[in-house]
Each structure stands twice: as structure tokens, then as C-alpha cells.
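Residue numbers (this note's numbering), protein chains in the order written: chain R, 1 to 313; chain D, 314 to 908.
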């Protein structure tokens with residue numbers, strides 16, 4: 001088991017290095033523009049050259065990348081070209097906002113989807129129609145529209161919840177909860193739409209399998225057959241959707257944060273990209289890639305724990 | 314898998330004629346309305362220069378926040394004095410182009426790689442999988458934002474990259490379908506016949522892949538449009554490019570001045586994405602037929618007629634005039650059992666014989682009360698020791714199962730839960746039927762496993778089903794079935810899936826257990842050798858009816874019904890060879906001995 005985890009971590013790190021390198025390489029086409037951005041359009045050629053030298057842009061791409069990577073491995077992510085703020089502090093401050101939305105939404109979506117999907121598959125009838133209705137309506141509209149409608153209805157018209165702004169959890173948990181309620185709701189609507197349908201479909205297939213019938217002939221109670229046996233076997237495909245859903249929610253959060261003026265990753269990434277603040281962009285990339293790798297690793301481990309055939313020691 | 318009705322109607326015919334799918338689509342009002350709306354949008358977009366009075370970026374001071382209906386400004390003007398109607402119509406083009414680019418790239422990349430990876434496997438697939446894992450590590454929409462210095466926010470380049478990010482979904486879809494088709498016998502045959510890989514992919518694989526890809530196209534387009542709108546809302550992209558996202562962003566800022574400015578683009582965006590999703594669902598219904606329906610677990614098949622009292626009071630298990638039907642694809646009841654009457658006396662072994670599809674397994678499931686929810690017992694009675702089982706609620710049946718009636722299935726592997734150890738499964742069965750503590754149940758499980766001839770019960774308890782052999786799995790299932798000393802054991806072709814050498818051992822084990830526990834065995838089989846070996850009496854089934862029954866000796870010596878004569882005549886000397894109708898080409902789901 002330990003060697004399996006180590007191997008998965010190693011693969012994840014290789015993927016992370018590749019992703020950051022490809023991003024770095026793609027960004028390198030715009031490095032000249034960055035220098036102009038920092039110095040302004042009227043800068044003299046000498047100043048431009050000095051800046052290029054200072055940033056190391058005259059050196060080969062690999063050398064630049066490995067110097068950056070070396071810094072990252074030492075915990076040094078560089079400083080912003082524009083504000084001179086250390087990248088690590090700037091990124092982690094914004095990441096907290098986005099993650100509180102995404103992780104809360106992810107956990108809620110999983111709970112609701114599993115309950116709804118399992119009930120729909122095992123009870124049929126009204127619950128099933130409800131689950132299918134929820135899945136369909138949740139998919140019809142983009143996050144953005146749902147977010148705006150909820151803000152207009154609950155925050156602006158009914159004044160039940162704050163329309164904009166973010167309160168850190170450490171400051172005031174109640175206001176934190178209020179400030180993320182609508183964004184989380186938006187992501188949950190979409191997440192449940194995707195995942196409940198998946199859980200329902202897989203559970204229907206699972207409940208038709210031979211071992212379910214045999215368990216019934218053994219006198220095993222229905223709840224155990226549904227929640228212990230069938231659900232566990234239905235978990236693997238659901239977990240694949242979960243890892244895709246995490247990415248989708250991260251993307252969705254970036255966009256809807258803007259509706260609520262939340263100081264998260266979305267606006268931060270947008271502003272840094274507009275300016276071409278390369279160290280910050282790379283910092284954002286590395287943090288988010290590690291997040292994706294981490295979540296996927298976690299999901300793989302859960303899958304291995306639930307599904308004995310997936311365990312490769 | 315082992316029940317005949319599973320083969321009726323649940324599988325959509327893969328080679329369903331294309332025209333009928335199209336006709337189904339046209340007859341579906343949801344498809345007509347959504348496709349019509351989308352078509353109207355696309356045409357409006359194409360005709361943009363002719364249906365609008367202004368350019369999308371033409372700003373006129375006098376038109377700032379102009380109300381709806383201002384001459385030349387049918388939907389008014391925005392806060393920069395631009396024509397909202399014109400911007401809306403031009404925004405359609407941005408969305409259409411985004412959808413085409415994003416979806417085009419996703420399908421081109423996903424389809425080609427999926428076909429190659431699915432068809433070749435091995436190292437080729439390994440490499441492709443690896444690349445797609447890499448793509449899935451990219452942080453999605455965030456990447457589109459951070460690459461702005463490269464894309465300069467041009468939505469066409471952005472959608473190109475987004476298409477690559479969408480490709481893994483299409484890849485997985487195509488790969489799975491291709492792997493499935495590749496393992497079909499007719500593809501093997503085509504390969505043996507010397508068809509080139511390209512020909513096989515084009516002729517045999519593409520027609521199967523086409524449906525799922527067409528369906529996914531609608532959903533991919535919807536998500537490309539949503540993402541483009543979201544990015545434009547965020548401000549990614551040139552402000553000169555009219556788009557729903559940018560218009561919503563302006564409208565949102567201007568919400569208090571004129572809420573309508575926000576409503577128009579939101580409405581159009583919402584209607585477009587909703588139409589695509591609904592159209593995708595309609596496509597799925599038309600191309601793939603009915604999706605599997607949920608059914609209540611443990612819903613008992615209802616008896617519509619009042620069960621008649623039996624006249625064979627002495628029997629332990631008595632089935633009288635049992636009629637059972639399943640709905641056919643059109644929903645009409647299709648009879649499967651047409652009045653089965655058979656009795657089983659205490660301690661005896663009754664062989665229920667007949668060819669595949671004669672209703673043997675359905676009779677067995679009816680006794681156990683584990684028929685699929687769609688099945689209906691239309692008439693008849695099943696009595697255990699005089700107690701009526703038909704119409705008994707799940708709770709009442711559960712109290713009997715395991716304790717009074719137990720079951721040994723045909724295919725040992727698929728009848729064990731792959732995710733739990735052998736020990737956990739046997740222990741759960743024991744604890745479901747007795748009041749034993751966990752440790753007592755474990756001790757009993759160990760004892761039982763040893764009793765059924767498993768060499769190292771302690772080690773076997775800790776293994777998973779995929780780690781043991783079929784013969785061992787069948788012993789585990791038998792141990793589990795007899796754990797609570799049932800009075801009736803229903804064994805559905807318990808030896809069919811096993812090696813010939815194991816078959817005799819399993820029959821010996823059943824005989825030995827019967828002698829020890831005094832239980833009656835209802836043995837479902839198609840094998841006269843097995844019947845002669847172990848049964849006292851036999852009943853012959855054909856088309857859902859018992860056509861002949863009697864002691865094994867009598868029936869073998871003097872068969873009365875022509876069907877029995879035919880069956881007996883078809884046995885070759887001293888052999889157990891089956892005479893099945895030839896398996897249809899492509900029908901690999903129905904392995905030998907199923908049913």
C-alpha cells in the first residue's frame with residue numbers, strides 16, 4: 001500500500017512539473033510584452049535590455065524554467081513584478097477564498113448526490129422522478145446565470161444574504177457562512193445535477209447484478225444490500241466523475257466569484273494575466289496544479305480502499 | 314445475466330436502422346422545439362448585418378440607456394449608447410463560433426485518439442492515456458485565464474485550448490465503446506478475413522461510436538458556450554467582440570439603472586444552453602432507446618388473482634398453476650410461465666429440466682421471491698409447508714429466505730460481491746438469519762467453509778472473490794446457503810459454469826449435505842446426467858409449463874411426452890453434451906449455459 005501511494009505521488013509530481021513547464025513554455029511567447037507592460041511603452045531599448053537581463057529572459061527557456069523550479073522546490077516562488085509582494089503569500093491569501101467555496105460545495109454535492117442517486121435507483125417512483133428533474137434543471141443553465149438570479153432574488157431584493165464580499169472563517173464563522181452561501185449553492189446545483197445522475201445510473205446497473213439477488217436470498221436486509229454492497233461497488237465510476245467535478249467547480253468558482261466580488265483566485269488570476277505578471281501566474285498555476293494532483297490522488301486512494309481490484313500493491 | 318428476461322428489450326439493438334432513429338427524433342416535440350430555436354438563433358446570427366440597424370460597437374451618445382422601442386433601437390441602447398438588439402444578434406455569432414471551435418477540437422482529438430487507443434491497446438493506449446491524464450491535470454478554466462498573455466483573450470484561441478481540455482471526456486467515451494466493439498466476434502472475424510485496420514474502424518467501429526459522439530456533441534456545445542460566456546463576463550477577451558457574457562457583465566453593473574439590459578443576453582444564453590442540453594437528451598432517447606429504469610429493490614411481484622388452495626397438502630413446497638409475465642418493449646405483458654404446477658416433498662431431490670428459456674430459472678426465482686420488479690405473478694400459488702408465499706411482503710419473505718429456503722446460483726463469480734472478503738460475506742449471511750454474535754458467526758463460517766471442502770478456511774475468509782477459483786467460489790456459495798440448515802435448497806444449474814472434474818465433486822457435496830441436514834433440493838438443470846446422478850424425481854419444462862413429471866427411473870425408462878422423448882433422444886451415449894441452437898453472431902452476451 002505504501003509503495004502504491006509513493007508511486008501515485010511520484011506520478012502526480014511528474015505531471016505537475018510537466019504542466020507547469022508547458023504553461024511556462026506557452027507564456028514564454030509573451031515575455032517581451034511583459035517587459036513592455038512593466039516598463040511602459042516609452043521605455044528606452046537600453047532599459048528594456050537591462051530588464052530582460054535582470055529577469056533572465058535572454059537565457060535558454062530550460063535554464064529559466066529550471067531556475068524557477070529550483071526556487072519553488074526551496075519554497076521560493078518569487079515576487080510579483082508589479083507589487084513586489086511575495087507570490088506565495090499573495091496566492092495563498094486568495095486561494096483560501098476560492099477553496100472555502102469549492103470544498104464546501106464539493107462535500108455538499110457528494111452528500112446530496114449520493115443520497116438522491118441511491119434513493120432514486122433503489123426506491124424508483126417519485127424520488128426517481130425528482131432526481132431526474134433535479135439533474136435536468138441543474139444542467140440547463142450556466143453557473144453564471146444561476147448565480148446572478150440568486151443574487152438578485154436573495155441578496156438584492158430580499159436582502160437575506162450579503163450580495164458581495166467575503167468574511168474569513170477565522171474572523172466570524174457566521175458571516176463567513178453567510179458570505180459563501182449563494183456561491184456554494186450555485187456550485188452545488190451544478191454538482192448535484194452531474195453527480196446524482198451518475199450515481200443513479202451506476203446504482204441501477206449495480207442493483208441488477210447477480211450478487212444482489214443472491215444477497216437477497218440470504219435474508220440480508222435491503223438497507224445493507226443498497227448502502228453497503230451496491231453503493232460500494234458503484235463508487236468507482238462516481239469517483240471518476242467526482243475528480244472531473246472538482247475541476248469543473250474550480251473553474252465555475254473563478255467565474256462566479258466575480259458576481260459576488262469575492263477576492264478569490266478568479267479575479268486575482270485575471271488581473272495578473274492582464275498585466276502579464278509571470279511569477280504570479282506561475283505561482284497560481286503551481287498551486288492549482290498541486291490542488292488537482294492532490295485531489296486526484298485522494299480520490300484514487302479512496303477508490304483503492306473501496307475497491308479491492310483497484311489495489312495494486 | 315442468468316435470467317432470460319434480462320435479454321428481452323433491455324439491450325438497444327446496436328444496428329438499429331438510422332432512419333427510424335431520425336424518425337423518432339422528428340416525432341419528439343422536445344427535439345423539434347429545441348432544434349427549431351437553435352436554428353432560428355443561428356440564422357439570425359448569419360443574417361446579422363441585414364436584420365440590425367447598427368454595428369455591434371457603434372456608439373451614439375443619444376442612444377445611451379435608450380428605452381425599449383426607441384426608433385432604430387428595438388431593445389434600446391446600453392450605457393455606452395450601443396444598439397442592444399444589434400449586439401445580441403452579433404453575440405450569437407460569437408457563441409456559435411465558440412461552440413464550433415471548442416466542440417470541433419474536442420471531438421477531433423478525442424475521437425481519433427479514442428479510436429486508436431481503444432483499438433490497439435497495449436503500449437499505444439498506455440501512451441495516449443498518459444497524455445490525457447496530463448491534460449486532465451491542467452487546472453481547466455484557470456488555464457484559459459492565465460494564458461491570456463498568449464491568447465490575448467481572443468475567444469477563438471481560447472476555445473481552441475478549451476477544446477483540448479474537453480477532449481479527455483470524448484476520448485474516454487470513444488475508447489470505452491471501441492474497446493467493447495473490438496472484443497466482438499464479428500470484428501475478430503473481419504480481422505481474420507484480412508480487412509485493414511482502417512476499414513475495420515470505418516465499417517465496424519464508427520457506426521457504433523457515432524451515436525454516443527453525436528449525443529455528446531450537444532452537451533459539449535452547451536458547455537463551450539457557457540464557458541465562453543463566463544470568461545467574457547470575467548473580462549477575458551476584447552471588448553470589441555460582442556458576446557452574451559460581456560453584455561451580461563455590462564447589464565449586471567447597470568442593474569439598478571435598467572434591469573432589462575441584463576435580461577436580454579441572459580435570456581438568450583439561457584435558452585441556447587438549455588436547448589442544447591434538452592436536444593442532447595432527445596438525441597440520446599432517439600439513438601440509444603430507453604435508458605435503464607430504476608426499480609424498487611425488494612418490490613414483490615403482485616398476484617392479481619386469488620391463489621387457489623392446493624390439493625397436495627403433504628408436500629413441503631407446492632407450486633400450483635403459477636403464471637408469470639414480463640412486459641415486452643411495448644409494455645404489453647408477455648407470459649413467461651403458463652401455469653407451472655410442481656411439488657417438492659421433504660428430503661427429496663427434484664430435477665427441473667428443460668432447454669434454455671423454458672422458465673426453469675423463473676420458477677426458482679418466483680419461489681425465492683426475488684423476481685425482477687417488472688415481473689408480475691398473474692396467477693397461481695406457491696406454498697411452503699402450507700403457507701402462501703405469493704403476495705407475501707418483502708419483510709415476510711426475508712424471514713424465510715436463508716432460514717427456510719436457500720439458493721445456490723449458477724455462475725459463482727458474479728454471485729459474490731467483488732468488494733467484500735469471503736469471510737465478511739459468509740458472516741453477514743449467517744448473522745442475517747440467526748441471532749449469533751459476530752465472533753460466533755465467524756466461528757460458524759470457518760466451520761462451514763471447512764465442511765464444504767475448502768482446504769484453508771482461515772486464509773480463504775480473508776480473500777476477495779477475484780482471488781479464488783470458480784469451484785471454490787461455488788463451495789463458498791453452498792456453505793453460505795446451508796448456513797442456517799434450510800429445509801428447501803434451490804440450486805440453479807449449480808455445476809454448469811464449472812470444470813467437469815469439479816462438477817462431480819459439487820454434486821457429491823450437495824448429496825452429502827442433503828443427507829446430513831435432511832433438506833429437500835430443487836435442482837434446476839438441463840443436464841440429464843446430473844438428473845440421473847442425484848435426483849429422485851424429475852419434472853420436464855417446456856414453454857413455461859411442466860409437460861411431464863415422475864420418478865427419474867420412470868421418466869427415463871418410459872417418457873410419455875414427445876418433448877421429453879426428444880430431449881432424451883438428443884443425449885449422446887454416456888456424454889453430457891448440450892444440443893443448443895447455434896449462437897447468433899454478435900450475441901456474445903449469452904454465453905453457453907446461461908438461462
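Where a beta carbon is used, it is the ideal one built from N, C-alpha and C, also for glycine.
Using a Cβ-Cβ distance under 8 Å, would residue 308 (chain R) count as near chain D? yes
Kindly say whether residue 314 (chain R), judged by its beta-carbon, lies nearer than 8 Å to any beta-carbon of chain D. As displayed, chain R neither begins before 1 nor continues past 313, which places residue 314 (chain R) out of reach and without an answer.
Rounding to the nearest angstrom, what Cα-Cα distance links residue 79 (chain R) and residue 86 (chain R) in this structure? 4 Å
Between the region 450 to 462 of chain D and chain R, which residues of the former have a C-beta closer than 8 Å to a C-beta of the latter? 450, 451, 452, 453, 454, 455, 456, 458, 459, 460, 461 and 462
Between the region 853 to 873 of chain D and the region 812 to 830 of chain D, do at least 3 Cβ pairs fall closer than 8 Å? no
Would residue 416 (chain D) pass as a contact of residue 476 (chain D) if the rule is Cβ separation under 8 Å? yes
Just how far apart, CA to CA, sit residue 891 (chain D) and residue 884 (chain D)? Because residue 891 (chain D) carries a pLDDT of 49, less than 50, the predicted location of this residue cannot be relied on, and the following value inherits that uncertainty. Roughly 8 Å between the two C-alpha positions.
List the residues of chain R that residue 724 (chain D) touches, going by C-beta distances under 7 Å, in chain order. 210
Going by beta carbon distance, what residues of the same chain come within less than 7 Å of residue 404 (chain D), once the five residues before and after it are set aside? 555, 556, 557, 560 and 578
Nearest-angstrom Cα separation, counted from residue 833 (chain D) out to residue 135 (chain R): 50 Å
Interface flag, residue 77 (chain R) vs chain D, CB-CB below 8 Å: no
Listed in chain order, which residues of the region 111 to 124 of chain R have Cβ atoms closer than 9 Å to some Cβ of chain D? 120, 121, 122, 123 and 124
Can you tell me whether residue 883 (chain D) sits near the ligand SAH, meaning its C-beta is under 7 Å from at least one heavy atom of the ligand? Only the bare structure without any ligand can be found here, which leaves the ligand SAH out of the picture.
Quick one, are the C-beta atoms of residue 255 (chain R) and residue 266 (chain R) less than 8 Å apart? yes
Residue interval of the alpha helix (DSSP H) (run including residue 200 (chain R)): 173 to 207
Among the residues of its own chain, which have a CB less than 6 Å from the CB of residue 900 (chain D), if the five just before and after it don't count? For residue 900 (chain D), the pLDDT reaches just 41, beneath the cut-off of 50, and the residue's location in the model is therefore unreliable, although a value from the coordinates is still provided. Excluding residues within five positions, none has a Cβ falling inside 6 Å.
Cross-chain neighbours of residue 270 (chain D) in chain R, by beta carbon under 7 Å: Because chain D here runs from 314 to 908, residue 270 (chain D) falls outside it and cannot be looked at.
Tell me, please, whether the CB atom of residue 8 (chain R) is closer than 8 Å to any CB atom in chain D? no
Considering residue 862 (chain D), what are the terminal residues of the beta strand (DSSP E) in which it resides? 858 to 864
When you compare the region 295 to 304 of chain R with the region 178 to 197 of chain R, are there three or more beta-carbon pairs, one atom per stretch, that lie closer than 8 Å? no
Determine whether the beta carbon atoms of residue 542 (chain D) and residue 508 (chain D) lie at a separation below 8 Å. no
Runs of 3 residues minimum, wholly inside the region 86 to 126 of chain R: which ones carry the beta strand (DSSP E) assignment? none
Is it right to say residue 102 (chain R) is buried, meaning 16 or more other beta carbons lie within 10 angstroms of its own, or is it exposed? buried
With 9 Å as the C-beta to C-beta threshold (strictly closer), list the residues of the region 525 to 555 of chain D near chain R in chain order. 532, 535, 536, 538, 539, 540, 542, 543, 544, 546, 547, 548 and 549
Along chain D, which residues have their Cβ under 7 Å away from the Cβ of residue 289 (chain R)? 450 and 452
On the premise that residue 803 (chain D) lies in contact with residue 720 (chain D), defined as a C-beta separation below 8 Å, what is that separation, rounded to the nearest angstrom? 5 Å
Going along chain R, which residues have a C-beta under 9 Å from residue 715 (chain D)? 217, 218, 219 and 220
Quick test of the definition: if touching needs 3 or more C-beta pairs under 8 Å, does the region 389 to 404 of chain D touch the region 360 to 379 of chain D? yes
Contact criterion: CB-CB distance below 8 Å. Does residue 266 (chain R) meet it with respect to chain D? yes
What does residue 689 (chain D) pair with, by DSSP beta-bridge criteria? D:638
From residue 648 (chain D) to residue 641 (chain D), what does the alpha carbon distance come to, in whole angstroms? 9 Å
Inter-residue Cα distance where the pair is residue 689 (chain D) and residue 639 (chain D): 6 Å
Which whole-angstrom value describes the C-beta separation of residue 746 (chain D) and residue 715 (chain D), a residue pair presumed to lie in contact below a C-beta threshold of 8 Å? 4 Å
Based on the DSSP output, what are the partners of residue 855 (chain D) in its beta bridges? D:858
Residue 57 (chain R) to residue 39 (chain R) span [Cα, whole Å]: 15 Å
Quick test of the definition: if touching needs 3 or more C-beta pairs under 8 Å, does the region 219 to 230 of chain R touch the region 498 to 515 of chain D? no
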